[in-house]
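**Q**
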Amino acid sequence: MVDPSQPILPPAPTVLRFAPSPNGHLHRGHAYSALFAEAMARRLGGELILRIEDIDTTRCKPELVDAMREDLDWLGIHFDGETVRQSNRFDLYGLAADRLRAEGLIYPCFCSRADIAANATGETDPDGAPVYPGTCRHLDPHMAEQRIAGGANVAWRLDMDAALERTGPLTWAEMNAETLAISHIAADPMAWGDCVLVRKDTPTSYHLSVVVDDAEQHITHVTRGMDLYFATAIHRVLQTLLGLPAPIYCHHKLIADDDDKKLSKSRGSMSLRDLRDEGLSAAQLRRELGFQSAAAG
Ligand code: GLU
Numbered sequence: 047m048v049d050p051s052q053p054i055l056p057p058a059p060t061v062l063r064f065a066p067s068p069n070g071h072l073h074r075g076h077a078y079s080a081l082f083a084e085a086m087a088r089r090l091g092g093e094l095i096l097r098i099e100d101i102d103t104t105r106c107k108p109e110l111v112d113a114m115r116e117d118l119d120w121l122g123i124h125f126d127g128e129t130v131r132q133s134n135r136f137d138l139y140g141l142a143a144d145r146l147r148a149e150g151l152i153y154p155c156f157c158s159r160a161d162i163a164a165n166a167t168g169e170t171d172p173d174g175a176p177v178y179p180g181t182c183r184h185l186d187p188h189m190a191e192q193r194i195a196g197g198a199n200v201a202w203r204l205d206m207d208a209a210l211e212r213t214g215p216l217t218w219a220e221m222n223a224e225t226l227a228i229s230h231i232a233a234d235p236m237a238w239g240d241c242v243l244v245r246k247d248t249p250t251s252y253h254l255s256v257v258v259d260d261a262e263q264h265i266t267h268v269t270r271g272m273d274l275y276f277a278t279a280i281h282r283v284l285q286t287l288l289g290l291p292a293p294i295y296c297h298h299k300l301i302a303d304d305d306d307k308k309l310s311k312s313r314g315s316m317s318l319r320d321l322r323d324e325g326l327s328a329a330q331l332r333r334e335l336g337f338q339s340a341a342a343g
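All letters in the sequence shown, in the order written, are residues 47 to 343 by the working numbering.
#1: VAL48: buried (16+ other C-beta within 10 angstroms of its C-beta) or exposed?
#2: Report the three-state DSSP secondary structure of GLY140 (helix, strand or coil).
#3: Whose C-alpha, out of ASP126, ILE123 and GLY239, is nearest the C-alpha of PRO179?
#4: For the segment 185 to 236, list the beta strand (DSSP E) runs that are entirely contained and at least 3 residues long, ordered along the chain.
#5: Got a sec? Which residues, its chain only, sit under 6 Å from LYS348 by beta carbon, not counting five neighbours each side?
#6: What first and last residue would you give for the alpha helix (DSSP H) that runs through ILE280?
#7: So is VAL51 buried or exposed if we call it buried at 16+ other beta carbons inside 10 Å?
#8: Can you determine whether any heavy atom of the ligand GLU sits closer than 6 Å to the C-beta of VAL256, and answer yes or no?
#9: Tell whether a beta-carbon distance below 7 Å holds between ALA219 and ILE280.
#10: From SER79 to VAL268, what distance separates their C-alpha atoms?
#11: By Cβ distance below 8 Å, which residues in the same chain neighbour THR170 in space, the five residues on each side in sequence not counted?
#12: Roughly how many whole angstroms lie between the Cα atoms of ARG131 and CYS106?
#13: I believe LEU284 touches VAL244 by the beta-carbon criterion, under 8 Å. Please report the beta-carbon distance rounded to the nearest angstrom.
#14: Inspect the beta-carbon positions of HIS76 and SER317 and report whether they are closer than 7 Å.
#15: So for ILE162, helix, strand or coil by DSSP?
#16: Do ALA232 and CYS296 count as a contact pair if the criterion is CB distance below 7 Å?
#17: Would you say the segment 59 to 71 touches the segment 96 to 105, given that touching needs at least three Cβ pairs under 8 Å?
#18: In terms of alpha-carbon separation, which member of ALA328, SER255, MET221 and ARG282 lies closest to GLY214?
#19: In the DSSP output, what is LEU96 paired with across the bridge?
#20: Can you tell me whether PRO172 is helix, strand or coil according to DSSP?
#21: When the Cα of ASP207 is compared with those of ASP320, HIS184 and ALA227, which residue comes out closest?
#22: Less than 6 Å separating the Cβ of SER133 from some heavy atom of the ligand GLU?
#23: Is SER158 near the ligand GLU - that is, is its Cβ less than 6 Å away from at least one heavy atom of it?
#24: Check each candidate in ALA261, ARG322, GLY336 and PRO291 and name the one with the smallest Cα separation from TYR139.
#25: To which residues of the same chain is VAL111 closer than 7 Å at the C-beta, ignoring the five residues directly before and after it?
#26: Assign SER255 to one of two classes, buried (16 or more other C-beta atoms within 10 Å of its C-beta) or exposed (fewer than that).
#27: Between LEU287 and LEU146, how many whole angstroms is the CB-CB distance? I'm expecting something under 8 Å.
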C-alpha cells in the first residue's frame, strides 16, 4: 500500500556553517558567532561545518589558521564533515566569474583607490565606502583586453544595472533567532553600486566565494553577524544570476570587543588566546556570552 502521507524523498539535511577569516586571532565576537551557529544547528537538528575564508592569502597566514582551530577546539565546538578552505577553491570561483563575464555582467576596472576618490559622487554604500563612480563601466573592450594582456592590475565589477535588469526585485528569507519565524526582506543591491567580484590582489572576492560555497556545501541556514545584513542583497543577486539556491539567513547581534559593559573592560580587546592565558575557561566564556556549555543538551 502506498502511504500518501510519506514523502517520496528523504528530507534534505539542515546544514549551517561558521566561516571565519583567519586574518588575525579570534576575539569574543568570533566566539559569539561560532557559539550562535552551534546553538542554532543544535536547535534546528542540523550539521555545523567549518569553512575557512582565507581568500586573502597574504593576510591569512597558516599559523593563524592553526591558532584559529586551536581556539575553536578550546571553545569545545564540534564541527561536522570536512573543513573547506577557500584558498583551495579558486578554480571554482573562477568558473562562476567566467560565467558572469560571458554574460557581460562583470566588467574590468583599472581604477586605484585614489582614482575612485577623485571621481567620487559623495554617495556611500552600506559599509560607508564610496559607491563606485562607474569610470570603467563603458571602456572599449578591445582596449581593456590590451591593458590586461599588458599586465595591468585589474578588478572585475558587477554591472549592477544590467544584473538587476536580469533579476528583477529580490527578497531574502530572514529567520528570527528566538521564534524561528521567517520574514521576507526586500533586498537593496543598488545601494552597493558596481561592487567588486574579482579583486586585484586575489582571483575572487568575499561576495562571489560565499555564494558559491554556500550553494556547493548545501548550506540551508546562514548565521552570521549583523555587519553582513545588507551584503545579503548582493548575495541574492549573485545567487539569482548563477542559478544557485538561496539559504535562509539569520543575522545575529554584534559583540563589540571593547564596549560590552557586562564584561570587564580589560578583557575587551583581548584575543581568545589571551583570555585563555589569563585563566578564563571556555565554560566561563560560553556563560558570559549567553550560551550553555558544550556538554549540556
Ligand atoms: N568570513 C566572514 C567574516 O569572518 C563571514 C562570512 C559569512 O558568514 O558570510 O566576517
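By construction, the Cβ of each residue, glycine as well, lies at the ideal position given by its N, Cα and C atoms.
**A** So, from the data block:
#1: Around the C-beta of VAL48, fewer than 16 other C-beta atoms lie within 10 Å, and the residue is accordingly described as exposed.
#2: Here GLY140 sits in helix by DSSP.
#3: Taking PRO179 as reference, the option from ASP126, ILE123 and GLY239 with the minimal CA-CA separation is GLY239.
#4: Fully enclosed beta strand (DSSP E) runs of 3 or longer: 201 to 204, 217 to 221 and 228 to 232.
#5: Look at the range of the chain in this structure, 47 to 343, and you will see that residue 348 is not part of it.
#6: Note, ILE280: alpha helix (DSSP H), 278 to 288.
#7: The identity of residue 51 in the sequence shown is Ser, whereas the question assumes Val. Label assigned to SER51: exposed.
#8: At least one heavy atom of the ligand GLU is nearer than 6 Å to the Cβ of VAL256, so yes.
#9: No, these two residues do not count as a Cβ contact at 7 Å.
#10: Whole-angstrom Cα-Cα distance: 11 Å.
#11: Taking THR170 as the centre and dropping the five residues before and after it, the same chain places the C-beta of PRO176 and VAL177 closer than 8 Å to its C-beta, in chain order.
#12: Looking at the two C-alpha atoms, the distance is approximately 11 Å.
#13: Rounded, the Cβ-Cβ distance is 12 Å, inconsistent with contact.
#14: With contacts defined by Cβ atoms closer than 7 Å, HIS76 and SER317 do not form a contacting pair.
#15: Helix, per DSSP.
#16: No, the pair does not count as a contact, with Cβ atoms beyond the cut-off.
#17: The segment 59 to 71, when compared against the segment 96 to 105, does touch it at the 8 Å Cβ threshold.
#18: When ALA328, SER255, MET221 and ARG282 are compared, the shortest CA-CA separation from GLY214 is found for ARG282.
#19: Per the DSSP secondary-structure output, LEU96 pairs in a beta bridge with PHE64.
#20: When secondary structure is reduced to three states using DSSP, PRO172 falls in the coil class, being assigned neither helix nor strand.
#21: Comparing Cα-Cα distances from ASP207 to each of ASP320, HIS184 and ALA227, the minimum goes to HIS184.
#22: For SER133, the shortest separation between its Cβ and any heavy atom of the ligand GLU does not lie below 6 Å.
#23: SER158 has its CB no nearer than 6 Å to any heavy atom of the ligand GLU.
#24: Among ALA261, ARG322, GLY336 and PRO291, the Cα nearest to that of TYR139 is on ALA261.
#25: Excluding the 5 residues flanking it on each side, VAL111 has same chain C-beta neighbours closer than 7 Å at PRO68, ILE98 and ASP100, in chain order.
#26: By the 10 Å Cβ count, SER255 comes out buried.
#27: The pair is a contact, with the Cβ atoms about 6 Å apart (cut-off 8 Å).
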